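Top to bottom, those sequences are chains A and B.
Quick note on the numbering used here: the first sequence kicks off at 114 and runs consecutively.
Quick note on the numbering used here: the second sequence kicks off at 38 and runs consecutively.
Backbone N, C-alpha and C fix where the C-beta goes; we use that ideal spot for every residue, glycine too.
The structure displayed is predicted, hence computed values, not measured ones.
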Amino acid sequence: DGGITQSPKYLFRKEGQNVTLSCEQNLNHDAMYWYRQDPGQGLRLIYYSQIVNDFQKGDIAEGYSVSREKKESFPLTVTSAQKNPTAFYLCASSIKLAGGPYEQFFGPGTRLTVL
Amino acid sequence: AQSVSQHNHHVILSEAASLELGCNYSYGGTVNLFWYVQYPGQHLQLLLKYFSGDPLVKGIKGFEAEFIKSKFSFNLRKPSVQWSDTAEYFCAVNAGSGAGSYQLTFGKGTKLSVIP
């Protein structure tokens, strides 16, 4: 089955610890994204990557870091510098449709709770 | 930079009622427009999209949306809702070309609750 997997589904960490969220896709998409979803806030872009070994900050990159060493993988690290890390994190990848726009596909998400 | 406004935070309807969710965007150039839905406990999935052609687009599950360029709007409609339409709905926009075409900007979402 083609798709985007995120693991784990639920993650608990103590305040002050860095934590890495996994995102893998087997859709052969070039671009990948990380969003944060908070109640009443919609989805906000943290980082995105158009190709391997390249990535750009989104609207709320502070306190986060990413890497893109492989096309299939785009892990997100939530560092201790992120002031309010408890949230639902969504990973996406996109493909450009022939004659159309980039269309994003989403993973199931990881709910991170920092205690 | 683009922005998206969804005016209703929570809409409550009875089954068989008609639905219209508002979405307005702010961007000076060509845009692509999307509606995504998030059912409880499920992935965010695409309902429909507009990028060119007929401004009235039809999506899955009987949903449709109309792009009105002069009003910068892309409202979502369904003539008769069902209990299974209970979900959160997000409007999103990206630029028609250039670096901004990679990025989606989302509205804050509208929760729809359908009462049987």
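Check	Outcome
Minimum Cβ-Cβ distance from Ala211(A) to chain B less than 8 Å	no
Tyr215(A) at chain B interface by Cβ criterion, 8 Å	yes
Candidates Cys204(A), Leu158(A) and Ser162(A), of which the one nearest Lys184(A) by Cα	Ser162(A)
For Asp151(A): DSSP bridge partner residues	Gly155(A)
Spatial distance of Phe187(A) from Lys127(A) (CA atoms)	23 Å
Beta bridge counterpart(s) of Ala144(A) as assigned by DSSP	Ser207(A)
First and last residue of the uninterrupted beta strand (DSSP E) at Cys128(B)	Ala124 to Ala132
Residue from Ser135(A), Gly176(A), Tyr215(A) and Ser180(A) with nearest C-alpha to Pro198(A)	Gly176(A)
Inter-stretch contact at 8 Å, needing at least 3 Cβ pairs: the stretch 76–95 of chain B / the stretch 138–148 of chain B	no
Reduced DSSP category for Ser107(B) - H, G, I as helix; E, B as strand; rest coil	helix
Option in His44(B), Gly133(B) and Ser150(B) with minimal Cα separation from Thr67(B)	Gly133(B)
Beta-carbon proximity of Gly99(B) to Trp72(B), cut-off 8 Å	no
Option nearest Ser270(A) by Cα separation, candidates Arg149(A), Thr226(A), Asp143(A) and Ser193(A)	With chain A covering only 114 through 228, there is no way to say anything about residue 270(A).
Element boundaries [beta strand (DSSP E), containing Asn61(B)]	Asn61 to Ser63
Host beta strand (DSSP E) of Trp26(B) (start-end)	This structure gives no information on residue 26(B), because the portion of chain B shown stretches from 38 to 153.
Any C-beta of chain B under 8 Å from that of Leu203(A)	yes
Completely contained beta strand (DSSP E) runs for the stretch 165–224 of chain A, where each covers 3 or more residues	177–179, 189–191, 200–209 and 215–219
Leu117(B) in three-state terms, based on DSSP	In the sequence under discussion, the amino acid at residue 117(B) is Ser, which differs from the Leu named in the question. Coil at Ser117(B), not helix or strand.
DSSP bridge partner residues for Phe125(A) (one or two, in chain order)	Thr226(A)
Selected residue, minimal CA-CA separation from Trp120(B), among Cys60(B), Pro77(B) and Gly144(B)	Pro77(B)
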